[in-house]
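Presented below is the structure to which this report refers.
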Amino acid sequence: MFYILLLIFLVLAVDFIPMLYTWQSRIRIGRYNSTEQWNYKITEKSIKWLKKAPTITFTDNRRLVIIDILKGNYKRAAIQHWQEAALVLGLSEVVAKTNSITIRKNIEQYIANKIDKNGFWLDKPKEIDGVILAYAMINLKGIDHDKMKPSYDYIYNLILSLEGMDGTIAYKSYSTNYRYVDTIGFICPFLINYGIKFQVEEAVNLGINQITEFNKYAMLNDTFIPCHSYLVDSKIPVGLFGWGRGLGWYAIGLIDSWTALPDAHEYKYKLTESVIAFAKMAVQFQNENGSWNWIVSVKEFRADSSTTATLAWFFANAFQIESIREISLAAKSKALQYLMSVTRRDGAIDFSQGDTKAIGVHSQDFDILPFTQGFVLRTLNHK
-8 MFYILLLIFL
2 VLAVDFIPML
12 YTWQSRIRIG
22 RYNSTEQWNY
32 KITEKSIKWL
42 KKAPTITFTD
52 NRRLVIIDIL
62 KGNYKRAAIQ
72 HWQEAALVLG
82 LSEVVAKTNS
92 ITIRKNIEQY
102 IANKIDKNGF
112 WLDKPKEIDG
122 VILAYAMINL
132 KGIDHDKMKP
142 SYDYIYNLIL
152 SLEGMDGTIA
162 YKSYSTNYRY
172 VDTIGFICPF
182 LINYGIKFQV
192 EEAVNLGINQ
202 ITEFNKYAML
212 NDTFIPCHSY
222 LVDSKIPVGL
232 FGWGRGLGWY
242 AIGLIDSWTA
252 LPDAHEYKYK
262 LTESVIAFAK
272 MAVQFQNENG
282 SWNWIVSVKE
292 FRADSSTTAT
302 LAWFFANAFQ
312 IESIREISLA
322 AKSKALQYLM
332 SVTRRDGAID
342 FSQGDTKAIG
352 VHSQDFDILP
362 FTQGFVLRTL
372 NHK
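Per my numbering, the sequence shown starts with residue -8, numbered consecutively.
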């Protein structure tokens, strides 16, 4: 009987200790006296997470979690890749701004844990989610990218292995008839940076084509509101239009690709038109408090910090275009004010939507997400 009671206690503890921790973490949330203090706290938390990122669960279940753990449904390595990538991207902006030797060493140690001395992956990413991690690395300044080239070549070939007859990239090998908005953020910035850095014109063309084809078939009429995905054979949009983090994935892919292209590049004007159209669309759905909801067009739905963080980054770069400068600066400023208001005492930004399970199956768990943390750092420290 004693052992049965102990087992019950342990099972319940796995469920309730995390919930108790979350509850107490939200006491006195958002009480920061200045942007500088806030920046310091979220940087401090990001450094800790880069060393050991919290597990972002695949399941929304918060009862009898032990069952999901035993079944292998609790977490996915691919989810962790884009969490860690965002932290590297964010902390690299802090280094560029402050020249912090400590943070630079933390990033270098992180890379050493991923890439061997000959530039090869120690544990190769197997899915498209891992491409953004390679982008975070190729985006870094002050490291020998030629030495890292074998790891970049592997990622490029991983992308090519998922290329369809239409010249666009599938998200998963078992779902080749769909093109997801996620892939815009995951692969396009890498492809364009890789192509420019190593003079691989085909890589740049592939990244631009992924965006162009998505614009053709996955936008809601003339509104420039992206859908979750579209079917390759019929060109029919599939999933929700206006899913918040879908806007975020598109925004990352578009703005980072646009920034990477030289001003004289033949594709620069085409992407500039998309940046302007997306900015004018997205700003219409920003809430008064600076946030965007997890479906941006539904005011009754709750705000999503991951959407707000990625769109803040988009507007922090889009302001370079004269015609949208004013709306971009205002949108970024309001978004950062909101994100500061939902940051816990320990510097963790709260209320980000959890991982999506499938087309139309979106998480209703809103908690911490290192991905959000990284993009807030990128925005706050961007020059």
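Quick reminder that beta carbons are idealized off the backbone N, C-alpha and C, glycines included.
Please check the pair residue i and residue j, which I expect to be a contact at CB under 8 Å, by giving their CB distance rounded to whole angstroms.
i, j, result
"Ser296", "Ile340", "6 Å"
"Pro217", "Val172", "5 Å"
"Thr13", "Asp254", "Actually they do not touch by this definition, with Cβ atoms about 46 Å apart."
"Phe215", "Arg170", "That belief does not hold up - the Cβ atoms of Phe215 and Arg170 are roughly 17 Å apart, past 8 Å."
"Ile33", "Thr263", "Not a contact, Cβ separation roughly 31 Å."
Once the 5 residues before and after residue i are set aside, which same chain residues still bring their CB inside 8 Å of it?
i, result
"Gln15", "none"
"Glu192", "Gly186"
"Asn97", "Ile38, Leu41, Lys42, Leu82"
Checking the sheet assignment: what are the DSSP bridge partners for residue i?
i, result
"Phe357", "Gln344"
"Glu154", "Ile160"
"Tyr221", "Arg170, Pro228"
"Met210", "Pro217"
"Ala273", "Ala273 pairs with nothing; no bridge assigned."
"Asn284", "Ala294"
"His195", "Looking at the sequence itself, residue 195 is Val, so the reference to His does not match. BP columns for Val195 are empty, so no partner."
"Val352", "Ala349"
"Thr334", "Ile340"
"Ile106", "Trp112"
"Trp234", "Ile286"
Using a Cβ-Cβ cut-off of 7 Å, state whether residue i counts as contacting chain B.
i, result
"Thr250", "The displayed structure is made up of one protein chain only, and chain B is not part of it."
Within a Cβ cutoff of 6 Å, which residues of the same chain sit near residue i, ignoring the five residues on either side of it in sequence?
i, result
"Trp29", "Tyr23, Met331"
"Leu131", "Ser83"
"Trp304", "Phe366, Arg369, Thr370"
"His353", "Thr347"
Are the CB atoms of residue i and residue j nearer to each other than 7 Å?
i, j, result
"Gly338", "Lys117", "no"
"Leu78", "Pro361", "yes"
"Cys179", "Ile160", "no"
"Tyr162", "Ile199", "no"
"Thr301", "Gly239", "yes"
"Lys226", "Tyr241", "no"
"Lys88", "Asn372", "yes"
"Asp346", "Ile70", "yes"
"Tyr329", "Thr299", "yes"
"Gly121", "Gly176", "no"
"Ser319", "Phe306", "yes"
Leaving aside the five residues before and after residue i along the sequence, list all residues of the same chain whose C-beta is less than 7 Å from its C-beta, in chain order.
i, result
"Ala273", "Leu238, Leu302"
"Phe276", "Trp283, Val287, Ser288"
- Task: Mind the definition here: the segment 338 to 356 touches the segment 285 to 299 only if three or more C-beta pairs lie below 8 Å; say whether that holds.
- Result: yes
- Message: For the segment 207 to 221 against the segment 231 to 243, do three or more pairs of beta-carbon atoms, one drawn from each stretch, fall closer than 8 Å, so that the two count as touching?
- Response: yes
- Using 8 Å as the threshold, is the segment 117 to 126 in touch with the segment 170 to 184, meaning 3 or more CB pairs across them? yes
- Message: For the segment 73 to 87 against the segment 108 to 117, do three or more pairs of beta-carbon atoms, one drawn from each stretch, fall closer than 8 Å, so that the two count as touching?
- Response: no
- Query: Touch check for the segment 37 to 46 and the segment 141 to 150: three-plus C-beta pairs under 8 Å?
  - Reply: no
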